[in-house]
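Reading through the structure tokens given below for one structure.
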Amino acid sequence: MDPVTAAGIGLSVTSIALQVFSGCIKGYQLFIDCRDLPVTYEHLRTRLRIEQTRCLQWGESVGLLEDMLDEPSKLIQLHHNLIFDILQQVQSSFRSCLVVTTKFDPHIRNRSPSVLAPPQTPIAPRKLSFLDRTLAFWEKGGRVAGRLEWAMLKKDGFEKLVVQLIEYNNRIETFLDRSTLKDLRTMHVQSNLVLLQVTDQVTQLRDLVQALKLGAPAATTSGVQTLSRASTLVQEDDQGKGELTLLSLATFKTHHLEMTKLNGSINIPMISIASVKLDFVDQRSMRQFGRLGRRKVWLEWREDFGDFDMPADYAHKVDQRIQALAAVLSAKDKPAEVCSPDCLGYVRTSDDKHGGADKFALVLSQAKAAQDDTTLVSLRPLLNKRLGIALDVRIALVKRLAEALLSLHAVNWIHKGICSDSILLQKSPNGFFIMKDPILSGFETSRPALPDEITVPYARSEERDLYRHPDLHTMDSSRSKRSHDIYSFGLVMIEIALWRPIEQIVKLEVPLRRREIGKLRSAVLDDQNFVFADVAERVGWRYADVARACISGGKPIGIIDDNDNEEDPAVGSRMISAFFENILLELRALVV
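In this text, residue positions in the sequence shown follow this note's numbering: the first is 12, and each later residue adds one.
Below, the structure is given as structure tokens:
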């Protein structure tokens, strides 16, 4: 066969594939837009949106674009019969779910390359979304489909349809090569993160949780469900080790939103301080260790605000926040990737130093399995010791912390206290530190990233102030933001790379005056101090560039304009996607 004929056949095959594909996307859209859908089926609409996105991302990854028809996809040419079969099965599934099929007929019945010529011109400018462009291509063929109503659907076949579509998407992705499949999964992650970010109503989140459970195999012997590929949020390898799931985060976000909206109706135990047998106090952090019954615990006191002029109802609001926070941290469905400790309740007592002002503390605990064999040590004092921690172990620790921060931000939660002192490591009886399972503590001032949530001033803490963004140390300091957490994480990254406290790295004497805190950020970013050059020498430039991005902020973390409102869902979605792509993925790419 001469090259011109071969190219023509390839072009025609791609054209047919695009037309069949656009018919599938139109089918998705018709069912998504179905009118009068009962509330009990809303989770199916949610899952249809997820599967439509998966199908679109697959189509985009293999070049099913009208303005790319002159560059036929090799994958489609090699597997066109199988791909056509699957796409037509998708359309047949849509038809089989209808009581009256004349209302909907997006089929391309003739698959002969000689009948369907490729389109001559692009239908829409590139600024339109791929969905808009695909639907526009479908409508360009002169086909019209009426809008679906619930009465037209087979009630007992709707859920079966959605499960079939999940399987079709799984099958069609198997034709991709490893590199393309990896890119496709990255696209899935980013769309999942955006979906989780913009879903901010409890009812919507419940629908999302139900939707994600569809198509999942029965629970394994460990009681944990194996999720379909669409439910995977972050996956490090083919075995799924270290993965975050959209399902677990959606469940977690649902739980914490419910807690924040209960307004004092939270059933969380208030523990008497007398019932806690205190062993010792970490003078650096004022973290108190002890036992509650047979269980090892520690108390993390919320910073003391007795010296601040607060409204009369402020203590009540703080009490509500502490209860909600305790409920969230004690949730059984809390994702392991958050790396947070278990919360057993909270303590409320009076502070004689400030005229009897109320003080609050979270009562936290390790997992039961680690109770008797390990003790907890903060990362901060370890940075002054020559422990000889291997490079791959330190990088693995940073990856876990990045996953934890992504998980918190994905569910609209700001930590507000990230520093090396808030990272707890387990010390085994033989003196080794378990770096692979850090505990992220310091949640006592955390809050949801919501506009109506109260924020609290910081009490002075010489060490913790070093990690707080300079914007939080001005007289008219702003509310804590995601970008402030990311900044703090960047400083911790540098500490772990060089295994020294940050003030020693930049040669600043502490304590610093409040107005001098900004010097630390400037000193880190000043190339004459060779901070990032030293980091690159130890762990490479990729790691150093990630740390710089965290500390510099701006576009690498999704901030396009200084006036961006980080509590806006659109900005939050952009930041989550940027953190995943520019921070976490870059760290995952490190190979030692």
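No residue lacks a Cβ here, since even glycine has one placed at the ideal position from N, Cα and C.
Could you check what DSSP says for residue i in three-state terms: helix, strand or coil?
| i | result |
| --- | --- |
| Phe169 | helix |
| Asp318 | Summary for Asp318: the model assigns pLDDT 49, below 50, so the residue's position carries little reliability; its value from the coordinates is reported in the next sentence. Note: Asp318 maps to coil in three-state DSSP. |
| Pro124 | Any reading at Pro124 must be qualified, since the residue scores a pLDDT of 38, below 50, and its modelled position is unreliable; no value is offered. |
| Val308 | strand |
| Ile434 | strand |
| Gly34 | helix |
| Trp510 | coil |
| Pro449 | strand |
| Gln201 | helix |
| Arg298 | strand |
| Phe615 | In the structure displayed, the chain extends from 12 to 603; residue 615 sits before or after that span and is not available. |
| Ile587 | helix |
| Gly356 | strand |
| Ile594 | helix |
| Ile425 | strand |
| Ala401 | coil |
| Gly575 | A small correction: the amino acid at residue 575 is Asp; Gly does not occupy that position in the sequence shown. Asp575: coil per DSSP, three-state reduction. |
| Ile27 | helix |
| Phe371 | strand |
| Glu178 | helix |
| Val582 | helix |
Based on Cα-Cα distance, which residue from the options lies nearest to residue i?
| i | options | result |
| --- | --- | --- |
| Arg189 | Lys224, Ser72, Leu164, Leu258 | Ser72 |
| Leu29 | Leu146, Gln63, Ile43, Leu89 | Leu146 |
| Asp352 | Arg475, Leu402, Asp448 | Checking the sequence shown, residue 352 turns out to be Pro, not Asp. Among Arg475, Leu402, Asp448, the Cα nearest to that of Pro352 is on Asp448. |
| Gln331 | Gly301, Ala372, Arg298, Phe300 | Ala372 |
| Gln212 | Val349, Ser533, Arg65, Ala261 | Ala261 |
| Met586 | Val209, Ala162, Ser286, Lys166 | Val209 |
| Glu311 | Phe590, Ser26, Leu451, Leu601 | Leu451 |
| Glu592 | Val557, Cys108, Ala335, Ile571 | Val557 |
| Asp404 | Leu417, Ser418, Leu436 | The identity of residue 404 in the sequence shown is Val, whereas the question assumes Asp. Among Leu417, Ser418, Leu436, the Cα nearest to that of Val404 is on Leu436. |
| Lys264 | Ala338, Val200, Val287 | Ala338 |
| Ala162 | Asp143, Val110, Asn441, Asn180 | Val110 |
| Leu55 | Gly168, Leu187, Arg359, Ser418 | Gly168 |
| Val550 | Asp482, Glu473, Glu455, Ile507 | Ile507 |
| Arg479 | Trp510, Met446, Glu514 | Glu514 |
| Gly34 | Arg106, Thr51, His90 | Arg106 |
| Ile282 | Thr360, Val349, Pro522 | Thr360 |
Quick check: the Cα distance between residue i and residue j, rounded to an integer number of angstroms?
| i | j | result |
| --- | --- | --- |
| Leu390 | Arg397 | 13 angstroms |
| Ser457 | Arg60 | 33 angstroms |
| Ile97 | Leu75 | 15 angstroms |
| Cys354 | Leu375 | 4 angstroms |
| Ile279 | Lys343 | 13 angstroms |
| Ile594 | Tyr554 | 9 angstroms |
| His495 | Arg532 | 12 angstroms |
| Gln215 | Ser439 | 44 angstroms |
| Ala534 | Val517 | 6 angstroms |
| Thr197 | Asp290 | 47 angstroms |
| Gly569 | Leu204 | 14 angstroms |
| Asp13 | His199 | Confidence at Asp13 is low in this model, with a pLDDT of 38, below 50, so the placement of that residue should be treated as unreliable; the coordinate-derived value is given next. Computed Cα separation, rounded: 40 angstroms. |
| Met270 | Leu187 | 43 angstroms |
| His420 | Asp575 | 16 angstroms |
| Arg182 | Ser341 | 39 angstroms |
| Glu597 | Leu258 | 24 angstroms |
| Val329 | Lys410 | 33 angstroms |
Does residue i get closer than 8 angstroms to chain B when you measure Cβ to Cβ?
| i | result |
| --- | --- |
| Lys166 | Among the chains of the structure shown, chain B does not appear; only one protein chain is present. |
Does residue i pass the burial test, meaning 16 or more other C-beta atoms within 10 Å, or should it be called exposed?
| i | result |
| --- | --- |
| Lys345 | buried |
| Pro567 | buried |
| Thr11 | Here the chain comprises residues numbered 12 to 603, so residue 11 is not present and cannot be evaluated. |
| Ala401 | exposed |
| His267 | buried |
| Arg46 | exposed |
| Gly399 | exposed |
| His327 | exposed |
| Trp69 | buried |
| Leu93 | exposed |
| Gly442 | exposed |
| Val542 | buried |
| Asp369 | buried |
| Thr64 | buried |
| Ser491 | buried |
| Gln299 | buried |
> For the stretch 494 to 502 against the stretch 557 to 577, are there 3 or more C-beta pairs whose distance is under 8 angstroms?
Replying inline: yes
>> If contact is defined by three or more beta carbon pairs under 8 angstroms, each pair taking one atom from either stretch, is the stretch 420 to 432 in contact with the stretch 216 to 224?
In response: no
>> If contact is defined by three or more beta carbon pairs under 8 angstroms, each pair taking one atom from either stretch, is the stretch 418 to 427 in contact with the stretch 305 to 315?
In response: no
> So, do the stretch 98 to 108 and the stretch 158 to 176 have three or more beta carbon pairs nearer to each other than 8 angstroms?
Replying inline: yes
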